[in-house]
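S.K.: Protein chains in written order, with the working numbering: chain D, -10 to 102; chain U, -2 to 108.
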Amino acid sequence: AQSVTQPDIHITVSEGASLELRCNYSYGATPYLFWYVQSPGQGLQLLLKYFSGDTLVQGIKGFEAEFKRSQSSFNLRKPSVHWSDAAEYFCAVDDNAGNMLTFGGGTRLMVKP
Amino acid sequence: EAGVVQSPRYKIIEKKQPVAFWCNPISGHNTLYWYRQNLGQGPELLIRYENEEAVDDSQLPKDRFSAERLKGVDSTLKIQPAELGDSAVYLCASSLYNEQFFGPGTRLTVL
């Protein structure tokens, strides 16, 4: 069965600093990978997705993620964090093009002024 | 375009009481999902519908949970009777192709 691990439960960064959120997955074949963001009291919003092709994926709100097959990772990055990026971030893996998502436990991002 | 609508947003009940959640997916989306999100965790799939048919309900606790999607549009998730451990956020999502769109969720508190 597929699984997703987000090793960092909480991360605090200063506004304007760079950000990297880690995601490791376990899946036997080529996975479909997603990053979602959840603000308090809100549903999940898709930031970006990887299905195939270029391993560096650009998303909304200035986020990007890089798929590294050799490390079974799909880390999320942003060069300069804004206070509005404070939220919970979820990595997810799927074996059916978005129809059967398995989520990681999430990483809560806090941004210091 | 309207997003996924869920109601109620919050519900507080006593244990052993019944409760129901309603979801209206994005128009035209054939696939509908119900997830449960426990505090501090990622969402876990409860059931997936393709139109009216429940195609994956392996994670739905069938002794107390039930769901329906009449006419392949709106869906209702019911718990009867509720237990303390059912306190969670219940998320509904819908999709047409390969992206799931989530509603704001219903936060259930069982006392």
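Note that the Cβ used here is the ideal one computed from N, Cα and C, for glycine as well.
Distance check for residue 94 of chain U and residue 40 of chain D, CA to CA, integer angstroms please.
M.R.: For residue 40 of chain D and residue 94 of chain U, the distance between alpha carbons rounds to 13 Å.
S.K.: So with CB distances below 9 Å, who are the chain U contacts of residue 63 of chain D?
M.R.: Those do not exist, as residue 63 of chain D stays about 14 Å from chain U at its closest Cβ, beyond 9 Å.
S.K.: Please classify residue 59 of chain D: does DSSP put it in a helix, a strand, or coil?
M.R.: helix
S.K.: Is the region -10 to -1 of chain D touching the region 58 to 71 of chain U, taking contact as three or more C-beta pairs under 8 Å?
M.R.: no
S.K.: Between the Cα of residue 10 of chain D and those of D/25, D/16 and D/90, spot the shortest distance and give me the residue it belongs to.
M.R.: D/25
S.K.: Would residue 96 of chain U pass as an interface residue toward chain D - the criterion being a Cβ-Cβ separation below 7 Å?
M.R.: By this cut-off, residue 96 of chain U is an interface position.
S.K.: Which word fits residue 17 of chain D, buried or exposed, when buried means at least 16 other C-beta atoms lie within 10 angstroms of its C-beta?
M.R.: exposed
S.K.: Under a three-way DSSP split, which group does residue 108 of chain U fall into?
M.R.: coil
S.K.: Please report the distance separating the alpha-carbon of residue 61 of chain D from that of residue 51 of chain D.
M.R.: 23 Å
S.K.: Using 8 Å as the cut-off, can you tell me whether the region 82 to 99 of chain U makes contact with the region 31 to 50 of chain U, which would need three or more C-beta pairs spanning the two stretches below that distance?
M.R.: yes
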